[in-house]
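Numbering (the numbering used here), first residue to last: 5 to 551.
Have a look at this one:
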C-alpha cells in the first residue's frame, strides 16, 4: 500500500519533469520591440541585456518581490461616475500593442472605452468632458488569460503542500465539508486574488460541478471572464482509478463518467453566453488515461455542441503515455486527436512527460496550446519543459493551475525558471530548446490564448476589441526608477501582483489603485479565512495537519 499511496500522492500533487537548476546565469532578452515615445518620433529600440543575477536567484527560490510601488505619484485620480455604462478615457504612460504579432510600445496614447469595448486608440486628445483614468506611471496591457485554473483549490492547499504533502485531502474536504455559501466565500477569495494580479480570463477546470456552479455565480458578480467546466471524472471519483493496478476500475467508472458528461453538457447549455457573454463553458476531461473510448466519444460530441473546445491535463505524469500505449497503442495526444479533440480550441496543461518525437509535431500542427504552470506544485517546485515546448514550436500559455493566484508573479516565474532550465540544458539537450523571454510570456498570456479561443476581440489593445485591460506600475519603488522606463517589459521581471494598479474586464473596473472594487476586500478576506480555518480544523482532527 505504501507504493500505491506514494503513486496517488504523486499524481494528486502533479509533480512534473525533474530538472533542478543550481546555477542561474544572466542573459539577454534577445528580441526587439518597437518603442514609440511620441507619434512623430517612431524609432525602433532593442530590448538590451539586463543583468539580474540577484533577481533570478531570488525568483527561482520563491520570487519574493511582491512589495507595492509605494507612494510614488498617484496612478489614478478619483473620477465620480466612472463605470462600464458610460464612455471613459484611459491615459496610461505606455501601451503595449501588437503589430503583425510583434510588440509595439506607444507613449502619449489616449484610449476611449465605450460599452465595454475599445472605441478609439489615438494620440489626439479626447474631449476633456469625458471621465478619465490617469495612469501615467503605468504600462497598459491586455488582460491576462490563464489557460489552466482550479480557482477554489488555491487557498485550501497553499502553505500546506510545499514540503511534499499531497493536495488531495484538502481538496476532498472542500467538497465534503462546505455548503454552497461557504464554497462561494472560498471562490470569492481566490477569484479576487486572480483579478488583483491582472488575470481577467480563466479557463477554469473546477474539481466538481458544484464548484463550477460556484465559479459562475462569483465570476458573474465580479465581472470576470471564464471558460468553466467540471473535471471529468470529478475529483471525488479519481481515487479508485488512480490506485487500480489494472483497467477494471476505469471501466467500472464509465457509467458514472458518462452521466457526468451529460451533466456538464447541461451546465454548458445553461450558462453559455451568460453574464453578457463572459461565461462560455468548456468540456474539461481530467486526462486521457481516465477515459474509455465511449466517454471520449461523449466528450467529443458535447464539445462539438458547445463549440468552445477542450481543456485537459496532458502528459502530466510519467505513467500516462506508457499506460495509453499499453491500452491503445497511442500517446495521449494521438488518442485525443483520434476523437477530433485537438481540432481546437485545445488547451493541455503541464505536459511534463510527452513523447516529443510524436506529440510535439502533432500539437504544433494542430495549433494546440500548452498551458505551462510554474506554480503547479506550490512555488519553489521543479522546473518544467517551457524551453522544449518553445523549441518545438508549440504555442505556450502561462497558467495558474492552483496554489498561487498571483498571475504576474507566476508569469515572471515562468520566464525565470524557464531561463534557468534553458541554461542548465543548452549544452547537452538532445531536444531543440529556446530561451524564454518576458515578451514570449506576455504573448503567451494574451495573444496566443485569445487566438486559440478564436477571440479576435481579446488579448490586444485595438479598436473594436473588448476592454479587458490591466495597468502595471513600472515606475515605482522596487520595479522602476522613478520615471517611465525605456524598455518596460524588462521591468516586469521585477514586478508582482501589487504592482497591478488597475484591472477591468469588458469595461468594468474591478481593481482601482490596487484595491478591489467589485466587493469589500476586507469582507472577502474574512469570509474566505473562516472557511479555510474550518478545513484546517478538520485536517488537524484527522492528524493530516499538526494541531
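Ideal Cβ placement from N, Cα and C applies to all residues, glycine included. Since we're looking at a predicted model, the values are computed, not measured.
According to DSSP, is residue 114 part of a helix, a strand, or is it coil? strand
Does the distance from the C-beta atom of residue 285 to that of residue 237 stay below 9 Å? no
Quick one: what does DSSP say residue 534 is sitting in, helix, strand or coil? helix
On the DSSP letters alone, give me the boundaries of the alpha helix (DSSP H) that residue 226 sits inside. 213 to 226
Which of the three DSSP states, helix, strand or coil, is assigned to residue 300? helix
Closest Cα partner of residue 171 within the set 226, 140, 154: 154
Euclidean distance between Cα positions of residue 380 and residue 478: 27 Å
Can you tell me which of the three DSSP states residue 258 falls into? helix
Inter-residue spacing [alpha-carbon to alpha-carbon] between residue 296 and residue 242: 14 Å
Using alpha carbons as the reference points, say which of 517, 156, 340, 133 lies closest to residue 370. 340
Spatial neighbours of residue 363 within its chain, please: C-beta separation below 7 Å, excluding the five flanking residues on both sides. 319, 335, 337
Alpha carbon of residue 133 to alpha carbon of residue 516, nearest angstrom: 21 Å
What does DSSP give as the partner residue(s) for residue 401 in the beta ladder? 375
With a threshold of 16 other CB atoms inside 10 Å of the CB of residue 323, please say whether the residue is buried or exposed. exposed
Counting beta carbon pairs with one atom in the stretch 210 to 230 and one in the stretch 511 to 526, are three or more of them shorter than 8 Å? yes
To the nearest angstrom, how far is the alpha carbon of residue 44 from that of residue 312? Confidence at residue 44 is low in this model, with a pLDDT of 34, below 50, so the placement of that residue is unreliable and no value is reported for it.
Using C-beta distances below 7 Å, list every residue in its chain close to residue 409, excluding the 5 sequence neighbours before and after it, in chain order. 158, 194, 197, 198, 201
Buried or exposed: residue 401, going by 16 or more other Cβ atoms within 10 Å of its Cβ? buried
Proximity winner among 214, 101, 325, 224, relative to residue 510 (alpha-carbon distances): 224
Backbone CA spacing between residue 494 and residue 270 [nearest angstrom]: 45 Å
Residue 44 in three-state terms, based on DSSP: Confidence at residue 44 is low in this model, with a pLDDT of 34, below 50, so its placement is unreliable and the value that follows should be read with caution. In the structure shown, residue 44 sits in coil (DSSP, three-state: anything other than H, G, I, E or B).
Have a look at residue 164 and residue 543 and give me their C-alpha separation to the nearest angstrom. 11 Å
Are the CB atoms of residue 321 and residue 374 nearer to each other than 9 Å? no
Residue 434 burial status per 10 Å Cβ neighbour count (16 or more: buried): exposed
Coil, strand or helix - residue 440 by DSSP: coil
Put residue 541 into one of helix, strand or coil per three-state DSSP. helix
Outcome for residue 2 when other beta-carbon atoms lying within 10 angstroms are tallied against a minimum of 16: Since the first residue shown for the chain is 5 and the last is 551, residue 2 is missing from the structure and cannot be characterised.
Determine contact between the stretch 215 to 222 and the stretch 246 to 254, defined as no fewer than three beta-carbon pairs at a distance below 8 Å. no
Beta carbon of residue 125, beta carbon of residue 109: below 9 Å? no
For residue 139, which option in 473, 291, 120 has the closest C-alpha, if you only look at C-alpha atoms? 473
Buried or exposed: residue 505, going by 16 or more other Cβ atoms within 10 Å of its Cβ? buried
What whole-angstrom Cβ distance do residue 465 and residue 99 have, given they're in contact under 8 Å? 6 Å
In whole angstroms, give me the CA-to-CA distance for residue 89 and residue 120. 8 Å
If I measure Cβ to Cβ from residue 205 and keep anything under 6 Å in the same chain, skipping five residues before and after, which residues do I get? 149, 229
Here's a check: name, in chain order, each residue in its chain whose Cβ is nearer than 8 Å to the Cβ of residue 395, leaving out the five neighbours to either side. 435, 436, 437, 438
In the structure shown, what three-state DSSP assignment does residue 517 receive? coil
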